[in-house]
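Asks:
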Amino acid sequence: MTEPRLPRPNPQVLFTELDDGTGVLLHLDTKFYFTLNAAAVIVWKSLAESIADPGVIAARITSLFRVDRETAARDVDSVLREMLEDGLVLPA
Amino acid sequence: MAVNWIAFHLTDRCQLDCQHCLRDPGQKPKDLSLATIRKVLAEAKRLYRTRQVALTGGEPTLHPELEGVLDAIVEHDFTWHIVTNGRRFEQLLGLLRDGPARRERLTAVNLSLDGADETTHDGIRGKGSFRDVMKAVTLCTAHGLPFTLQMVLHARNVHQIEAFGLMAAQLGAARASLSMLQTTGTHHDEALYLPPHAWQDAQHRIERLSAALTMPVTMPEGFYREQIFHVCEAMKSESLHVDVEGRLNLCCQHAGVPSEGPPRDVAADLATTSLLEAHGRLLGIIHETQAAKLAAMARGPLGAWDHFPCNWCMKHFDKPHWTDEGAGGPSAQRERWRGAWAKKVTLPVVR
Chain W
1 MTEPRLPRPN
11 PQVLFTELDD
21 GTGVLLHLDT
31 KFYFTLNAAA
41 VIVWKSLAES
51 IADPGVIAAR
61 ITSLFRVDRE
71 TAARDVDSVL
81 REMLEDGLVL
91 PA
Chain U
1 MAVNWIAFHL
11 TDRCQLDCQH
21 CLRDPGQKPK
31 DLSLATIRKV
41 LAEAKRLYRT
51 RQVALTGGEP
61 TLHPELEGVL
71 DAIVEHDFTW
81 HIVTNGRRFE
91 QLLGLLRDGP
101 ARRERLTAVN
111 LSLDGADETT
121 HDGIRGKGSF
131 RDVMKAVTLC
141 TAHGLPFTLQ
151 MVLHARNVHQ
161 IEAFGLMAAQ
171 LGAARASLSM
181 LQTTGTHHDE
191 ALYLPPHAWQ
201 DAQHRIERLS
211 AALTMPVTMP
221 EGFYREQIFH
231 VCEAMKSESL
241 HVDVEGRLNL
251 CCQHAGVPSE
261 GPPRDVAADL
271 ATTSLLEAHG
281 RLLGIIHETQ
291 AAKLAAMARG
301 PLGAWDHFPC
311 NWCMKHFDKP
321 HWTDEGAGGP
331 SAQRERWRGA
341 WAKKVTLPVV
351 R
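Heads up: the protein sequence lines correspond to chains W and U, in order.
Residue numbers for the first sequence follow full-length UniProt numbering, so the first one is 1 and each next one is one higher.
Residue numbers for the second sequence follow full-length UniProt numbering, so the first one is 1 and each next one is one higher.
#1: On the DSSP letters alone, give me the boundaries of the beta strand (DSSP E) that W/E17 sits inside.
#2: Output needed for W/D86: all residues of its chain with C-beta closer than 7 Å, excluding positions within five of it in sequence on either side, in chain order.
#3: Beta carbon of U/A155, beta carbon of U/A116: below 8 Å?
#4: Span of the alpha helix (DSSP H) holding U/A164?
#5: Looking at C-beta atoms only, is the number of pairs between the stretch 66-83 of chain U and the stretch 31-41 of chain U that lie closer than 8 Å three or more?
#6: Do U/I6 and U/V242 count as a contact pair if the criterion is CB distance below 8 Å?
#7: How many angstroms separate the CA atom of W/P91 from the CA atom of W/P7?
#8: Please check if any C-beta of chain U sits within less than 8 Å of the C-beta of W/L88.
#9: List, in order along the chain, the chain W residues whose C-beta lies closer than 8 Å to that of U/T61?
#10: So, for U/P216: in the same chain, excluding its five sequence neighbours on each side, which residues have a beta-carbon less than 7 Å away from its beta-carbon?
#11: Residues of chain U with CB closer than 9 Å to the CB of W/I18, please, in chain order.
#12: Go to U/S112, then tell me how far its beta strand (DSSP E) extends in each direction, as first and last residue.
#13: In three-state DSSP terms, what is U/Q290?
#14: I'd like the list of long-range same chain contacts for U/T11, defined as Cβ closer than 6 Å, with 5 residues on each side in sequence excluded.
#15: For the stretch 106-134 of chain U, enumerate the residues whose C-beta is nearer than 9 Å to any C-beta of chain W, in chain order.
#16: Given a cut-off of 8 Å on the beta-carbon distance, is the pair U/L270 and U/S129 in contact?
#17: Check whether the Cβ of U/L171 lies closer than 8 Å to any Cβ atom in chain W.
#18: Cα-Cα, which of U/T119, U/R87, U/L113, U/V69 is closest to U/L106?
#19: Looking at U/Q182: is its Cβ nearer than 8 Å to the Cβ of U/Q253?
#20: Between U/H143, U/N85, U/E325, which lies nearest to U/D122 when the distance is taken from Cα to Cα?
#21: Specify the secondary structure class of U/I6 as computed by DSSP and reduced to three states.
#22: Of all Cβ atoms in chain U, is any one closer than 8 Å to the Cβ of W/V24?
#23: Is the Cβ-Cβ distance between U/T148 and U/S179 less than 8 Å?
#24: Assuming U/Q227 is part of the beta strand (DSSP E), what are its boundary residues?
#25: Just to make sure I have the definition right: I need the residues of chain W whose C-beta is within less than 8 Å of the C-beta of residue 435 of chain U. Which are they?
#26: Taking the continuous beta strand (DSSP E) assigned at U/F197, which residues delimit it?
#27: CA-CA distance, U/R334 and U/G300?
#28: Can you tell me whether DSSP reads U/S150 as helix, strand or coil?
#29: At a CB distance below 7 Å, what residues from the stretch 158-186 of chain U approach chain W? Give them in sequence order.
#30: I need the DSSP call for U/Y193, collapsed to helix, strand or coil.
#31: What distance in whole Å lies between the Cβ atoms of W/R60 and W/S46, which are believed to be in contact at a cut-off of 8 Å?
#32: Across the stretch 286-299 of chain U and the stretch 153-171 of chain U, are there enough close Cβ pairs to call them in contact, namely three or more that are closer than 8 Å?
#33: So, U/N157 versus U/D201, is the Cβ gap smaller than 8 Å?
#34: Would you give the residue range spanned by the beta strand (DSSP E) that W/V24 belongs to?
#35: Do the CB positions of U/H287 and U/I124 come within less than 8 Å of each other?
#36: For U/L282, which of U/L250, U/G303, U/P262, U/C310 has the nearest alpha-carbon?
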């Protein structure tokens, strides 16, 4: 079975983590800022680590926040879709 | 007319090798003493009721007692701004977090950005430095700190004036500042040189950009002036500059720059001389400089470069300056930081 492949961070996007666990992405081409909540930060960091399975990311979120696995998986999908639309990540 | 601000050249230390740098980091790095800073702050507050302090360098965040400097600023009830390359911005943020009074008095973070894209900026300031600035910009935005982007113009980036202004506006800068390159006294001058008409073109483009953007776009002293007799902020004593050795000197552009003979822009050592007495001596230097310009005008006619006030001043003080042929005046004698600035010379090998 082939593992699902995930998008990868756009190298033209700069990630900055803030003290409260949230983060900011700056797209160097468009100069748009994007704020990330703490869960989205985990998604971004996982992509940067080349995690290939969205289930692994959802599990990380589940272990850190009071959220069930199904909700976490849905949120991961949603964040990835938005990041793709905004050009923050590049298709696999 | 008042002494509106005091500029402290905190340190010669820097992590970068910018081609247009005026300092001579081949020397052992110096740091301005905290005792001198405290003395000057107390005197400036008492004498002039000055409120603003500028921290420059080198890279001021590398001053070993930066925390003490910020506390002295707070204790003497000054506001402050800092000129930085952004590389140690998270450490600076830590100092602001640890001392809310430091943060309350911070009026602006001036980030040096010498290109509107990574390739241009890193080509001038070193690989990775563009992203350092962008990270600092992001942190300023996230923490609500007002920031200015400032660019030193020269032949390698003058084509990016408009792109730079637009970028600063898009990023939410409080201001964009574009300044004119001063001669460095190094071999880089040849590649960075622009003739007078090119500087006037650049100036017109900046003025047009300023009219087009809602964000302020400013040009520090140095650009073309129709009237040759011009009295700048430093000559009006609206700003006083303390160099890294703790001396009151005419202006930041003179500090650390080689000169023929002893530097004539230095008024006094503030560790041993009162600010009042040093300022009196500085007025003598300023008067002599202005009188020399009047005499040159009387001898006239003057050349195109004499319409650029900082260039005229540097020439007057026997320092590196632009001429129609390129760079004139003394050369920076020592090798630059880690030798990176030194012209490659092949020497015979002695075995």
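Heads up, the beta-carbon is just placed ideally off N, CA and C, and yes, glycines get one too.
Replies: On the basis of the coordinates in this document:
#1: 13-17
#2: By the criterion of a C-beta distance shorter than 7 Å, W/D86 is surrounded in its chain by F34, once the five residues flanking it on both sides are discounted.
#3: No. Outside cutoff.
#4: The identity of residue 164 of chain U in the sequence shown is Phe, whereas the question assumes Ala. 161-171 is the span of the alpha helix (DSSP H), which, as asked, contains U/F164.
#5: Counting Cβ pairs under 8 Å, three or more are found: they touch.
#6: Contact: yes.
#7: Answer to the nearest angstrom: the Cα atoms are 5 Å apart.
#8: no
#9: What U/T61 touches in chain W: nothing, since even the nearest Cβ is about 17 Å away.
#10: Cβ within range, chain order: R175.
#11: Looking at the sequence provided, one finds Leu at residue 18 of chain W rather than Ile. Under the 9 Å cutoff, chain U gives L139, A142, H143.
#12: 106-112
#13: helix
#14: D31, G57, G58, L62, H63
#15: D117, E118, F130, R131, M134
#16: no
#17: yes
#18: Sorting U/T119, U/R87, U/L113, U/V69 by C-alpha distance to the C-alpha of U/L106 places U/V69 at the top.
#19: yes
#20: U/N85
#21: Note: U/I6 maps to strand in three-state DSSP.
#22: yes
#23: no
#24: Element bounds for U/Q227: n/a, residue is neither H nor E.
#25: Any question about residue 435 of chain U goes unanswered here, given that chain U covers just 1 to 351.
#26: With the sequence shown as reference, residue 197 of chain U is identified as His, and Phe is not the correct amino acid for it. No beta strand (DSSP E) contains U/H197, which is instead part of the alpha helix (DSSP H) from 196-212.
#27: Low local confidence applies: a pLDDT of 49 at U/R334 is under 50, so the model's placement there is unreliable, and no value is given.
#28: It should be noted that the sequence gives Gln, not Ser, for residue 150 of chain U. Of the three classes helix, strand and coil, the one that applies to U/Q150 here is strand, per DSSP.
#29: Sequence-ordered contacts of the stretch 158-186 of chain U with chain W read M167, Q170, L171 [C-beta pairs closer than 7 Å].
#30: coil
#31: That belief holds up - the Cβ atoms of W/S46 and W/R60 are roughly 7 Å apart, short of 8 Å.
#32: no
#33: Not a contact, by the Cβ cut-off of 8 Å.
#34: 23-27
#35: no
#36: Distances from the CA of U/L282 to each of U/L250, U/G303, U/P262, U/C310 were compared; the closest alpha carbon is that of U/L250.
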